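Participant:
Residue numbers (the numbering used here), protein chains in the order written: chain G, 1448 to 1637; chain F, 465 to 665.
#1: Measuring CA to CA, which of G:1608, G:1487, G:1493 and G:1472 is closest to residue 1552 of chain G?
#2: Are the C-beta atoms of residue 1629 of chain G and some chain F residue less than 8 Å apart?
#3: Name the two residues that bound the continuous beta strand (DSSP E) containing residue 632 of chain F.
#4: Could you check the C-alpha separation between residue 1463 of chain G and residue 1530 of chain G for me, to the nearest Å?
#5: When burial is assigned at 16 or more other CB atoms within 10 Å of the CB, is residue 508 of chain F buried or exposed?
#6: Using 8 Å as the threshold, is the region 488-504 of chain F in touch with the region 602-614 of chain F, meaning 3 or more CB pairs across them?
#7: Ignore the nearest five residues each way along the sequence and tell me which others in residue 506 of chain F's own chain have a CB closer than 6 Å to its CB.
#8: Where residue 1578 of chain G and residue 1566 of chain G are concerned, what is the direct C-alpha to C-alpha distance, given to the nearest angstrom?
#9: Count the other CB atoms within 10 Å of the CB of residue 1630 of chain G; is the residue buried (16 or more) or exposed (fewer)?
#10: Consider the Cβ of residue 619 of chain F: report whether some Cβ of chain G lies at a distance smaller than 8 Å.
#11: Below 8 Å between beta carbons: does that hold for residue 577 of chain F and residue 504 of chain F?
#12: Does residue 1436 of chain G have its Cβ less than 8 Å from a Cβ in chain F?
#13: Is it buried or exposed for residue 592 of chain F, if we count other Cβ within 10 angstroms and need 16 for buried?
#14: Excluding the 5 residues flanking residue 539 of chain F on each side, which residues of the same chain have their C-beta closer than 6 Å to its C-beta?
#15: Please report how far the alpha carbon of residue 1493 of chain G lies from the alpha carbon of residue 1526 of chain G, in whole angstroms.
#16: Taking the Cβ atom as the reference point for each residue, do residue 1538 of chain G and residue 1633 of chain G lie within a distance shorter than 8 Å?
#17: Would a check of beta-carbon distances place residue 1602 of chain G closer than 8 Å to chain F?
#18: So, with DSSP's three-state summary, where would you put residue 505 of chain F?
#19: Between F:510, F:621 and F:521, which lies nearest to residue 656 of chain F when the distance is taken from Cα to Cα?
#20: For the region 1475-1503 of chain G, list every residue whose C-beta sits within 9 Å of some C-beta in chain F, in sequence order.
#21: Taking Cβ-Cβ distances shorter than 8 Å, what residues in chain F pair up with residue 1591 of chain G?
#22: For residue 1471 of chain G, go through chain F and note every residue whose CB falls closer than 9 Å to its CB, in chain order.
#23: List the DSSP bridge partners of residue 548 of chain F.
#24: So does the region 544-551 of chain F actually touch the region 624-632 of chain F, counting three or more Cβ pairs closer than 8 Å?
#25: For residue 534 of chain F and residue 1587 of chain G, which I take to be in contact (beta-carbon distance under 8 Å), what is that distance rounded to the nearest angstrom?
#26: Identify the continuous alpha helix (DSSP H) that holds residue 647 of chain F and give its terminal residues.
#27: If we define contact as Cβ-Cβ less than 8 Å, is residue 1557 of chain G a contact residue for chain F?
#28: Listed from N- to C-terminal order along the chain, which residues in the region 588-612 of chain F have their beta-carbon within a distance smaller than 8 Å of any beta-carbon of chain G?
#29: List the residues of chain F that residue 1526 of chain G touches, going by C-beta distances under 7 Å, in chain order.
#30: Residue 541 of chain F versus chain G: which residues are under 9 Å apart at the beta carbon?
#31: Taking the straight line between their C-alpha atoms, what separation do you get for residue 645 of chain F and residue 1560 of chain G?
#32: Check for me: the alpha helix (DSSP H) holding residue 1633 of chain G runs from which residue to which?
#33: Would you check if the region 510-521 of chain F and the region 555-566 of chain F touch, i.e. whether three or more CB-CB distances between them fall below 8 Å?
#34: Quick check: residue 596 of chain F and residue 584 of chain F, are their CB atoms within less than 8 Å of each other?
#35: Enumerate in chain order the residues of its own chain whose CB-to-CB distance from residue 1581 of chain G is below 7 Å, with the five nearest sequence positions on each side excluded.
#36: Distance cutoff 8 Å, beta carbons only. Does residue 522 of chain F sit that close to anything in chain G?
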């Protein structure tokens, strides 16, 4: 009787021990990602970075001075990479002039629409903008995007000189040679 | 005297019989022992210190993502190789186990960004025994479906535990080079849960 009981309890022990392991056949962990805002602007010139604009003397006596030929020779490109903070956040690019614009003269700039290798919500041009010492918006509605780097990517900039057509400003034109700085800034639109 | 000896002999013989358990009186006795070795497959994810880790982090700065204006965002500038996949396995004849990986539902990682993971080709040699599996394939983690295999061909084996043993896991992130991926990207804090499962192939 004792012998039988011993055998039975041994069998029972073996069965119990084989089910004592917990079968954990999956494992998991969290993965957290922190993505920052990004706002990086750069300019690339195909030549020198100083743009020369000259008003051309008229050929015909009595004619007005022609500013329309004051073309820049250098190719200037704006590149940027942007990550915004939510779906309604947008950025813009503004430009201002440091230095004295000669009296009677207007300095204007026009950004092209975005072109080249970029992806995402690149900005739109504000067309021809007259520059001053205060920031003027030249590209607007920039979301998360990149334009691509270097020439032929992003927005091409064209400068124009014009004379101030408001009354009597022609009288203010005097001989001048001056160097100005134009500063571009990528900043929040809203 | 003879009668007495015979009686004693008979008594001894009878007593001997009384102790035997079976009906056949021989010098050996036998019985069957039934042995069951069950199929077995368990796994764990630990760091090199041998601890389970509740989360790993990718904390990007703007400089991590881009250094030249106009360039693409470089999510690959950070990777994580802190974690090790460890397992013990007993398989049936001619069967193998595999380990698959997927995201649990509820991940809010931006839609244009993919999470990828690769297990090292083989388990760390110094601690493993038996037929551990083969890794080396980078997979993209998604929350739909049953997951993608990161280690295959696992036979009966163990990788070792409580240290830098098993298959080292390398995580990377990548943004798709599409308008939609960039347009939908916002800064912020995001999270996913990665789930590994070992099953019979």
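Think of the CB as a built atom: it goes at the ideal place given N, C-alpha and C, for glycine as much as any other residue. The structure presented is a predicted model; accordingly, all values stated were derived computationally and were not measured.
Facilitator: According to the structure data:
#1: Counted from its first residue, the first chain places residue 1552 of chain G at position 105. Ranking the options by Cα distance to residue 1552 of chain G, first place goes to G:1608.
#2: For this step, residue 1629 of chain G is matched to residue 182 along the first chain. Chain F, which has no Cβ nearer than 8 Å to the Cβ of residue 1629 of chain G, makes this no.
#3: Here the question's residue 632 of chain F lines up with position 168 in the second chain. Start and end: 631-639.
#4: Position 16 of the first chain, counted from the first residue, corresponds to residue 1463 of chain G. Position 83 of the first chain, counted from the first residue, corresponds to residue 1530 of chain G. For residue 1463 of chain G, the predicted structure reports a pLDDT of 43, less than 50, and the residue's modelled location is therefore unreliable. The matter cannot be settled from this model.
#5: Position 44 of the second chain, counted from the first residue, corresponds to residue 508 of chain F. Buried.
#6: Counting Cβ pairs under 8 Å, fewer than three are found: no touch.
#7: Working through the second chain from its first residue, we reach residue 506 of chain F at position 42. Here the set comprises 552.
#8: For the purposes of this step, residue 1578 of chain G is taken as residue 131 along the first chain, with counting starting at 1. For the purposes of this step, residue 1566 of chain G is taken as residue 119 along the first chain, with counting starting at 1. Going from the Cα of residue 1578 of chain G to the Cα of residue 1566 of chain G covers about 29 Å.
#9: Your numbering for residue 1630 of chain G matches position 183 in the first chain. Per the 10 Å Cβ criterion, exposed.
#10: Position 155 of the second chain holds residue 619 of chain F. So no, residue 619 of chain F is outside the interface.
#11: Mapped onto the second chain, residue 577 of chain F falls at position 113. Mapped onto the second chain, residue 504 of chain F falls at position 40. Going by C-beta atoms, residue 577 of chain F is not nearer than 8 Å to residue 504 of chain F.
#12: Nothing can be reported for residue 1436 of chain G: it is not among the residues displayed for chain G, which extend from 1448 to 1637.
#13: Residue mapping note: residue 592 of chain F aligns to position 128 of the second chain, counting from 1. Label assigned to residue 592 of chain F: buried.
#14: As a first step, residue 539 of chain F must be located in the second chain, where it is residue number 75. 637, 638 and 639, listed in sequence order.
#15: Along the first chain, one-based indexing puts residue 1493 of chain G at 46. Along the first chain, one-based indexing puts residue 1526 of chain G at 79. Approximately 13 Å between the Cα atoms of the pair.
#16: Stepping through the first chain from its first residue, residue 1538 of chain G is reached at position 91. Stepping through the first chain from its first residue, residue 1633 of chain G is reached at position 186. Closer than 8 Å, so yes.
#17: The residue you call residue 1602 of chain G lines up with position 155 of the first chain. Chain F, which has no Cβ nearer than 8 Å to the Cβ of residue 1602 of chain G, makes this no.
#18: In the second chain, residue 505 of chain F corresponds to position 41, counting from 1. Here residue 505 of chain F sits in strand by DSSP.
#19: Working through the second chain from its first residue, we reach residue 656 of chain F at position 192. Here the closest residue by C-alpha is F:521.
#20: 1475, 1476, 1477, 1478, 1479, 1480, 1481, 1482, 1483, 1484, 1485, 1486, 1487, 1488, 1489, 1490 and 1491
#21: Residue mapping note: residue 1591 of chain G aligns to position 144 of the first chain, counting from 1. 646, 647, 648, 649 and 650, listed in chain order.
#22: Numbered from 1 along the first chain, position 24 holds the residue referred to as residue 1471 of chain G. Those within 9 Å of residue 1471 of chain G in chain F are 506, 507 and 508.
#23: Taking the first residue of the second chain as 1, we reach residue 548 of chain F at position 84. Beta-bridge pairing links residue 548 of chain F to F:510 and F:632.
#24: Enough Cβ pairs lie closer than 8 Å, so yes.
#25: By 1-based counting over the second chain, the position of residue 534 of chain F is 70. By 1-based counting over the first chain, the position of residue 1587 of chain G is 140. With a Cβ gap of about 18 Å, residue 534 of chain F and residue 1587 of chain G do not count as contacting.
#26: The residue given as residue 647 of chain F occupies position 183 in the second chain. It spans 643-647 - the alpha helix (DSSP H) in which residue 647 of chain F sits, taken as one unbroken run.
#27: Start at 1 with the first residue of the first chain, and residue 1557 of chain G comes out as number 110. No, no contact with chain F.
#28: For the region 588-612 of chain F, the set of positions with a beta-carbon nearer than 8 Å to some beta-carbon of chain G is empty.
#29: Residue numbering aside, residue 1526 of chain G sits at position 79 when the first chain is read from its first letter. For residue 1526 of chain G, the neighbours in chain F by C-beta distance under 7 Å run, in chain order, 533 and 534.
#30: By 1-based counting over the second chain, the position of residue 541 of chain F is 77. Going along chain G, no residue has its Cβ under 9 Å from residue 541 of chain F, so there is no contact; the nearest lies around 12 Å.
#31: Residue 645 of chain F sits at position 181 when you count from the first residue of the second chain. Residue 1560 of chain G sits at position 113 when you count from the first residue of the first chain. Near 21 Å, if we compare the C-alpha coordinates of residue 1560 of chain G and residue 645 of chain F.
#32: Taking the first chain and counting its residues from 1, the one referred to as residue 1633 of chain G is at position 186. Where residue 1633 of chain G is concerned, there is no enclosing alpha helix (DSSP H), although the beta strand (DSSP E) it sits in stretches over 1628-1635.
#33: no
#34: Along the second chain, read from residue 1 onward, the residue named residue 596 of chain F stands at position 132. Along the second chain, read from residue 1 onward, the residue named residue 584 of chain F stands at position 120. Contact: no.
#35: As a first step, residue 1581 of chain G is located in the first chain; it is residue number 134 there, counting from the start. The residues are 1543.
#36: Sequence index remark: in the second chain, residue 522 of chain F carries index 58 (1-based). Closer than 8 Å: yes.
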